[in-house]
Every structure is written in structure tokens, then in C-alpha cells.
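Q: Per my numbering, the sequence shown starts with residue 4, numbered consecutively.
Okay, handing you the structure first.
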Amino acid sequence: MRIRKVKTASGKYALQVVSGVSGNLEIHKHIGSYSSESEKENLLIKARNYIEAKTGQEDLFKNISKLDFSEIAILESKPIFAYKFLGEIYSRLGFDEYGDPVLKDLIIARIFSPSSKTEARELLLESFERKYSLKTIYRHLKATFDGRFKEFIQEKLIAFAKKDLGDSLRLILYDVTTLYFDSQVRIGLKEFGFSKDHRPNDTQVVVGLVVNKDGFPLYFDVFKGNTFEGHTFLATILKIIKLLDNPKIIVVADSAMLSKINIEALGKRGIGFIVGARLSNLPTKLIDNISGSLGKTDKKINIFAYNDFKLVCQYLTKRANKDRSDRQKQVLKAQNLVNKPSGAISRFRFLKKSLNQKYVINEELILKSEKLEGIKGYITNTELKPQEIIEKYHSLWRIENCFRVTKTDLIARPIFHHLDETIKAHLIIVFAGLAITRFVEIKTNLSIKKVIKIISKVLTHKVKNIKTGETVLIETQTENQQLLKDLEIIKSVGH
């Protein structure tokens, strides 16, 4: 048992006797409220007497004013609160039902301090008193396939999003990213491909992710590193629709997923979609029509017919200024390369080969770019209003944020595994960690980095009275009001 200070509705503070070191808090007795230090001291005496009467154990610091601090030793301090908090979220999402404590601990370790499996083993032992051999860890990782852990957590996340987050899941977001290996060996899923991490000399895998409208993850899949991202789209969407058991959904994706095969397949199945349009690939006549009708009017929106679908276009002055600046820089680079050619010249925009095979400025492309300046297009088969279509498309930033969390906070790459099954197992751990992370971020409105920083300040100290040999566990207390406020928000998420 311990003494807890809480703020009351009247603005005063109260003392309670509680037990537990995390969100699983049991209040044994409300001692009373105080508004002065003298009142506080009297309540502290009552609280200590209550604890002594209930437990039969004297307070180690009962006579603190007479105690020689040289007689007190802190044997260890561990972030047990952090472990229990993350474990509570793991349970709240339904993952505990899988019944594998090793996987649970690996996921908690990935969120708390992402590292290699060897370092995770050390962290679990030293910080959380969870002891596993490396052999046990790898055995449980490989067993994720036999036990269908990936399918299990995806089903749990979908059910949780519907029931606890109150989402009908009529709108889902899809995008892909790449995760690289610190290796040039091509085997299985590991292949060279277009790297979003700007690591063209390393092998990689392609990861497709589906999230809800708030950026809460629902499903992921992994593809060979040289897979074109547009080729991942249809297969993934059909799988998630089967899991959702709801074909009447709207899928939002960027222009990389735009292909005639993809959108026609969705249309035939009655699946709604909103995808970014590649305006520069449109016929010249349609480009002229779009540009002329919008007339460089800020925020103006028009709708055009496009292959049995709707093409919604909007002009923004802010976007036009950026497009113009980018184009001018690119044209300048192109002109410099024409004057002083290099081996990489073919990679630059606004260049083309002339009849004598020399590179010259592509004036036609510059003209087309000027016409499309400030214009963004969206292709859809939905009946949503144009502004709704634009707003839903721009919610794709949430999935980009998931990729940032995956790579920066969960440090999903570089991947050091070699076998396809261990690569997939690593990604399953990361995906489950992402689900816990995003839930905490959504509910607290704090970044996971800040949450980890806050909960790491609450340590469980094993304290010994050298004179008597008595030891007690004491949890860190603070009077910092902002920290207390943040902790209350974080603790509430675990319940």
C-alpha cells in the first residue's frame, strides 16, 4: 500500500491509501482533503497509521526526521509502471487472448526501447524482470505463423475499431512504404527496388498498410522488394474487405495506385474509391479544359468526366506558388545540364533528346506544367460532395504518420533478419507495436515519444533500511503539476 495525492474538484488536494503501481489502482481508503501543510501532515500520519494497521508493517520512513540517510540504500530502480501501462493497452486491444507472454513482452520492448532481439532480451530482464533465452524468443517468433498471430491481431484490431472506437469502417486508407536491409544479398522477399528510404543500393521489402480514418492500423501485408506499389493495391483491398465483411466501403489511396485495372476492378465490385489523379498524363484537350475552367481562381473546384468516373480538380494559389518555384528550379537545373552534360542527365525533368540525340529543354512539358500549376486532381466513383472528396483524400497524411512512427519510433529498419519467416515475424511485432502506439497517441493527443518519456519517470524503487534489513517498494512521486496532469491522462487510457 502507498499514499496517493489527488486534486479534488474544489481545487484542494486529498490523500488516499492505494495499492498497485500502475493503472490497475485500488483505492483502499480516502483519508481526507487539505488546504495547508499542517493539515497535510496530520492526514499523512493518519494514512501511515492506516497502512500499518492493515499490513502489520511499519513505514520504513515513519521516523524520517530522525533517520540517518546513510542507513538507506536504493537497491534498484525499474520502470515497472511503463511495462504495466503498455501491457494494459495490449490487453485492452484484445491481444492477451492469444496467450503468448513472450510475444507480448517483445512487443512491449519494441515500443519502450526498440532494439535487436538480443538487446530486447537484456531489456526485458534488466528493466522488467522478464527472463527469456534467445532461443525461446526466436522459437516464439517463428511460431507466429503456425498460430496465425498476424491474422489474430488483425481481426482483433478490426473488432476493436468497430466496438471501442465507434468506427463503421466505411472509409479506409491505403498506402505502401519500403523497409531496407543493411545487406545487398537478394533472397526471398529481399530484393532491390524503388526505395522510399533513398537506399537504392540496399535490398528491401515493400509493406502495404491499411488504417482507418484516424490512422489506427487494421491490416498489413509484405511484398517482395521489387514489387511495383500499384500491384499491391487490389490484392490487399480485397483481403481487407473480406476481413471487414463489408464490401460497401470507400478506399482512399494516392496516385501510385491509379491504374485502369485497379479502378475498373473496384468499380465492378461496387467498391468506392478516391485516388489521386496523374493530371500530366491526361489528354491535352482535357488539360486545357481543366486549366481554362478553373481560371487560376483560388479554391475553385470543378468536376469533369473521366473514363466513366468523376475527376474532381481544385486550384489553390498556395500550391501554384510552390509548383512555380519547383518548376523554375528544375528548369534551371535542366538548362545547366544541357550546357554541361553529365552521365545522370536522363534522370532530370524538362529534358528530352533531340533528333541528333543531344539533350534539349522540353518546352512542351514546361507548357503543360504551367497549365497544371496549382491544380490537384482526384478520381472517384462515389457520390460524395467535391469538398468531402478532397478532405478524405488529404486524410492520407495519417497513414504517412504511421509510416513515420514505424520507422522513427519503432525503428522497423534496417531489418537484420535473413529468412522470410523471421522477416515477417519482425514486421508482425512492429505492426502490433504500431497499433498500441497509435491507440495511445489518439487517446492522449501526445506523441509516443513523449508518452514513453513521461512513463519512464515513474520508477519502482526497491529501498532497504541497512540498519534493520527491511526492504520496501516505493513508486516515484512528483509534485510537478504538469507531469501529474499528463500521468492522469496516460493512466486513464489503460482502463
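Beta carbons are placed, not taken as given, at the ideal position from N, Cα and C, and that holds for glycine.
Unbroken beta strand (DSSP E) runs of length 3 or more, entirely within the segment 255-317: which are they?
A: Segments of the beta strand (DSSP E) lying fully in the segment 255-317: 275-279 and 304-309.
Q: Suppose only complete runs of 3+ residues qualify. What are the beta strand (DSSP E) ranges in the segment 84-133, listed by chain order?
A: Complete beta strand (DSSP E) runs here, min 3: none at all.
Q: Who are the Cβ neighbours of D99 in its own chain at under 8 Å, not counting the five residues just before and after it?
A: Residue numbering aside, residue 99 sits at position 96 when the sequence shown is read from its first letter. Answer for D99: Y93 and K107, listed in chain order.
Q: If you draw a straight line from the C-alpha of N448 to the C-alpha of R441, how long is it?
A: Looking up residue 448 in the sequence shown gives position 445. Looking up residue 441 in the sequence shown gives position 438. N448 and R441: Cα-Cα distance of roughly 10 Å.
Q: With DSSP run on the structure shown, which of helix, strand or coil describes Y135?
A: Sequence index remark: in the sequence shown, residue 135 carries index 132 (1-based). Reduced to three states, the DSSP call for Y135 is coil.
Q: What is the DSSP secondary structure of V357, reduced to helix, strand or coil?
A: In the sequence shown, counting from the first residue as 1, residue 357 sits at position 354. Per the sequence shown, the amino acid found at residue 357 is Ser instead of Val. In this structure, S357 counts as coil in the three-state DSSP scheme.
Q: Within the same chain, show all residues whose beta-carbon is closer than 8 Å to that of Q207, passing over the 5 residues directly before and after it, in chain order.
A: As a first step, residue 207 is located in the sequence shown; it is residue number 204 there, counting from the start. Around Q207: T181, L182, Y183, F184, K193, E194, F195, G196, S198, D200 and G228.
Q: With a threshold of 8 Å, are at least 3 pairs of Cβ atoms found where one atom belongs to the segment 261-269 and the other to the segment 223-242?
A: These segments touch.
Q: What does the alpha-carbon distance come out to for the pair I457 and D167?
A: As a first step, residue 457 must be located in the sequence shown, where it is residue number 454. As a first step, residue 167 must be located in the sequence shown, where it is residue number 164. About 25 Å.
Q: Check whether the Cβ atoms of L422 and G150 sit closer than 9 Å, and answer yes or no.
A: In the sequence shown, the residue the question calls residue 422 occupies position 419. In the sequence shown, the residue the question calls residue 150 occupies position 147. No, they are not a contact pair.
Q: Just how far apart, CA to CA, sit V466 and E55?
A: Locating residue 466 in the sequence shown gives position 463, where the first residue counts as 1. Locating residue 55 in the sequence shown gives position 52, where the first residue counts as 1. So the two alpha carbons sit approximately 18 Å from each other.
Q: Does N468 come out as helix, strand or coil in the three-state DSSP assignment?
A: Residue mapping note: residue 468 aligns to position 465 of the sequence shown, counting from 1. Strand, per DSSP.
Q: So L18 and L47 are in contact, right, with Cβ under 8 Å, and what is the actual spacing, rounded?
A: Translated into positions along the sequence shown, residue 18 becomes position 15. Translated into positions along the sequence shown, residue 47 becomes position 44. Their Cβ separation, rounded to whole angstroms, is 7 Å, which keeps L18 and L47 in contact under 8 Å.
Q: So the alpha helix (DSSP H) L490 belongs to, where does it begin and stop?
A: Walking along the sequence shown from the start, residue 490 turns up at place 487. L490 -> alpha helix (DSSP H) spans Q484 to V496.
Q: On the criterion of 16 or more Cβ atoms from any shown chain inside 10 Å, does E444 qualify as buried, or is it exposed?
A: If you number the sequence shown from 1, residue 444 lands on position 441. Per the 10 Å Cβ criterion, buried.
Q: DSSP state of S80, grouped into three classes?
A: Position 77 of the sequence shown, counted from the start, is the residue given in the question as residue 80. Reduced to three states, the DSSP call for S80 is strand.
Q: The beta strand (DSSP E) that contains R5, what's its start and end?
A: Counting from 1 along the sequence shown, the entry for residue 5 is found at position 2. Segment R5 to K10, the beta strand (DSSP E) holding R5.
Q: Quick check: what's the CA-CA separation for F236 versus L221?
A: The residue labelled residue 236 in the question sits at position 233 within the sequence shown. The residue labelled residue 221 in the question sits at position 218 within the sequence shown. Answer to the nearest angstrom: the Cα atoms are 15 Å apart.
Q: Mark T383 as exposed unless 16 or more other C-beta atoms lie within 10 angstroms of its C-beta, in which case mark it buried.
A: The sequence position of residue 383 within the sequence shown is 380, counting from 1. Classification of T383: buried, given that the 10 Å Cβ count is 16 or more.
Q: Using the C-alpha atoms, what's the distance from K263 back to I364?
A: Within the sequence shown, residue 364 is the residue found at index 361, counting from 1. Within the sequence shown, residue 263 is the residue found at index 260, counting from 1. Their backbone Cα atoms lie some 31 Å apart in a straight line.
Q: Any idea which residues DSSP pairs H33 with across the strands?
A: Here the question's residue 33 lines up with position 30 in the sequence shown. In the DSSP output, where bridge partners are listed per residue, H33 has Q19.
Q: Tell me whether K216 sits in a helix, a strand or coil according to DSSP, three-state version.
A: For the purposes of this step, residue 216 is taken as residue 213 along the sequence shown, with counting starting at 1. Coil.
Q: Across which residues does DSSP place E194 in a beta bridge pair?
A: Counted from its first residue, the sequence shown places residue 194 at position 191. According to DSSP, E194 bridges with Q207.
Q: Short of 7 Å in beta carbon distance, which residues of its chain neighbour L144, apart from the five on each side in sequence? Order them along the chain.
A: Here residue 144 is taken as the residue at index 141 of the sequence shown, counted from 1. Counting only Cβ-Cβ distances below 7 Å, and skipping sequence neighbours, we find T425 and A428.
Q: Would you call H33 buried or exposed, if buried means 16 or more other Cβ atoms sit within 10 Å of its Cβ?
A: If you number the sequence shown from 1, residue 33 lands on position 30. Flag for H33 reads exposed.
Q: Comparing alpha-carbon positions, which option in K165, P82 and Y141 lies nearest L128?
A: Here residue 128 refers to the residue found at position 125 of the sequence shown. Of the listed residues, the one whose Cα sits closest to L128 is P82.
Q: D224 bridges to which residues according to DSSP?
A: The residue given as residue 224 occupies position 221 in the sequence shown. Note: D224 sits in a beta bridge opposite G211.
Q: Looking at the unbroken beta strand (DSSP E) that takes in D178, where does it start and where does it end?
A: By 1-based counting over the sequence shown, the position of residue 178 is 175. L174 to Y183 is the span of the beta strand (DSSP E), which, as asked, contains D178.
Q: Could you check the C-alpha separation between D329 and N339 for me, to the nearest Å?
A: Position 326 of the sequence shown, counted from the first residue, corresponds to residue 329. Position 336 of the sequence shown, counted from the first residue, corresponds to residue 339. Rounded to the nearest angstrom, the two C-alpha atoms are 16 Å apart.
Q: If I measure Cβ to Cβ from S119 and keep anything under 8 Å in the same chain, skipping five residues before and after, which residues do I get?
A: Looking up residue 119 in the sequence shown gives position 116. Same-chain partners within the cutoff: F419.
Q: Check K336 in the structure and name its three-state DSSP category.
A: Here residue 336 is taken as the residue at index 333 of the sequence shown, counted from 1. In the structure shown, K336 sits in a helix (DSSP, three-state: H, G or I).
Q: Could you check where the alpha helix (DSSP H) with L246 kicks off and where it finishes?
A: Translated into positions along the sequence shown, residue 246 becomes position 243. Looking at the DSSP string, the run of the alpha helix (DSSP H) that includes L246 is G233 to L247.
Q: Applying the 10 Å Cβ sphere with the 16-neighbour rule, what's the burial state of A112?
A: As a working note, residue 112 is residue 109 in the sequence shown. Buried, because 16 or more other Cβ atoms sit within 10 Å of the Cβ of A112.
Q: Inspect the beta-carbon positions of Y53 and Y37 and report whether they are closer than 9 Å.
A: Here residue 53 corresponds to residue number 50 of the sequence shown, with the count starting at 1. Here residue 37 corresponds to residue number 34 of the sequence shown, with the count starting at 1. Cβ distance not < 9 Å, so Y53 and Y37 don't count as in contact.
Q: Could you pull the start and end residues of the alpha helix (DSSP H) that E478 belongs to?
A: The residue labelled residue 478 in the question sits at position 475 within the sequence shown. Premise fails: E478 lies in the beta strand (DSSP E), T474 to E478, not in any alpha helix (DSSP H).
Q: Excluding five sequence neighbours on each side, which residues of the same chain lie with their C-beta closer than 6 Å to the C-beta of V213?
A: Here residue 213 corresponds to residue number 210 of the sequence shown, with the count starting at 1. I175, Y177, L221, Y222 and I243.
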